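Here the structure is laid out as structure tokens; the discussion comes afterwards.
Numbering (UniProt numbering), first residue to last: 1 to 191.
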């Protein structure tokens, strides 16, 4: 182990022992050392600063609850990053489920969107408008949006990841960007 890694491990050990004892100085040093790392993880997945702050708070709360059970030679950086990443994924999954509900609400209220016209022609117009918009976004966006919203098999994120060759963690943020691109295209077309 290099001298720097050894020193990092020793400092982590000191911080862990101090936090276990309830030493405020050790706690402050731990936060100074790892708060930016923990905060950056949700941001790197496309979550808001508010979500990142919530996840950071949760991560450090879990650390305090788990400190007595951690080995003294634990890699705190890796441990904290893993906890933050897992809670980021949970937040993304929750947001994804909420977005699906919003999309379902839109579909259920198509009559309102169509100006109270429920005839087949109006539905065809909207379908054609969406198809036209999908044709004008990039191929990767089109494939992702099709897989998430139009594929009859309703694949999971893991299946979409495998099918498109993209990391599971990038699907949510990419989906949000692609939906924005589609919305921009559709709004420009409607103007």
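Yeah, the Cβ is synthetic: ideal placement off N, Cα and C, and Gly gets one too.
Please read these numbers as outputs of a predicted model, since none were measured by experiment.
The alpha helix (DSSP H) with residue 38 in it runs from where to where? To locate residue 38, count along the chain shown from 1; it is residue 38. Counting along the chain, the alpha helix (DSSP H) containing residue 38 begins and ends at 24–44.
For residue 61, count the other beta carbons within 10 Å of its own beta carbon; 16 or more makes it buried, fewer makes it exposed. Which is it? Taking the chain shown and counting its residues from 1, one reaches residue 61 at position 61. That one is exposed.
I need the DSSP call for residue 130, collapsed to helix, strand or coil. The residue you call residue 130 lines up with position 130 of the chain shown. Helix, per DSSP.
I'd like to know if the region 70–77 and the region 51–61 are in contact, where contact means that at least 3 CB-CB pairs between them fall below 8 Å. no
What whole-angstrom Cβ distance do residue 85 and residue 17 have, given they're in contact under 8 Å? The residue given as residue 85 occupies position 85 in the chain shown. The residue given as residue 17 occupies position 17 in the chain shown. That belief does not hold up - the Cβ atoms of residue 85 and residue 17 are roughly 25 Å apart, past 8 Å.
Residues near residue 87 by beta carbon distance below 7 Å, same chain, minus five either side: For the purposes of this step, residue 87 is taken as residue 87 along the chain shown, with counting starting at 1. Result list for residue 87: 55, 58, 59, in chain order.
Alpha carbon to alpha carbon, what distance is there between residue 139 and residue 7? Looking up residue 7 in the chain shown gives position 7. Looking up residue 139 in the chain shown gives position 139. Near 48 Å, if we compare the C-alpha coordinates of residue 139 and residue 7.
If we ignore side chains and look at the alpha-carbon of each, how far apart do residue 64 and residue 49 end up? Locating residue 64 in the chain shown gives position 64, where the first residue counts as 1. Locating residue 49 in the chain shown gives position 49, where the first residue counts as 1. So the alpha carbons of these two residues sit roughly 22 Å apart.
Reduced DSSP secondary structure (H/G/I, E/B, other) of residue 155: On the chain shown, position 155 is the one that residue 155 refers to. In this structure, residue 155 counts as coil in the three-state DSSP scheme.
Please report the straight-line C-alpha distance between residue 142 and residue 182, rounded to a whole angstrom. Position 142 of the chain shown holds residue 142. Position 182 of the chain shown holds residue 182. Distance between the alpha carbons of residue 142 and residue 182: 9 Å.
Limits of the unbroken alpha helix (DSSP H) element including residue 66: Reading the chain shown from its first residue, position 66 is the one you call residue 66. Where residue 66 is concerned, the enclosing alpha helix (DSSP H) stretches over 49–66.
Can you grab the Cα-Cα spacing for the pair residue 80 / residue 11, in whole Å? The sequence position of residue 80 within the chain shown is 80, counting from 1. The sequence position of residue 11 within the chain shown is 11, counting from 1. Rounded to the nearest angstrom, the two C-alpha atoms are 15 Å apart.
For residue 169, which of 132, 90, 146 has the nearest alpha-carbon? Here residue 169 refers to the residue found at position 169 when the chain shown is read from its first residue. Residue 90 is the option with its Cα nearest to residue 169.
First and last residue of the uninterrupted alpha helix (DSSP H) at residue 140: On the chain shown, residue 140 is found 140 positions in, with the first residue counted as 1. It spans 139–145 - the alpha helix (DSSP H) in which residue 140 sits, taken as one unbroken run.
Compute the Euclidean distance between the alpha carbons of residue 106 and residue 82, then round it to the nearest angstrom. Start at 1 with the first residue of the chain shown, and residue 106 comes out as number 106. Start at 1 with the first residue of the chain shown, and residue 82 comes out as number 82. For residue 106, the pLDDT reaches just 45, beneath the cut-off of 50, and the residue's location in the model is therefore unreliable, leaving the point undetermined.
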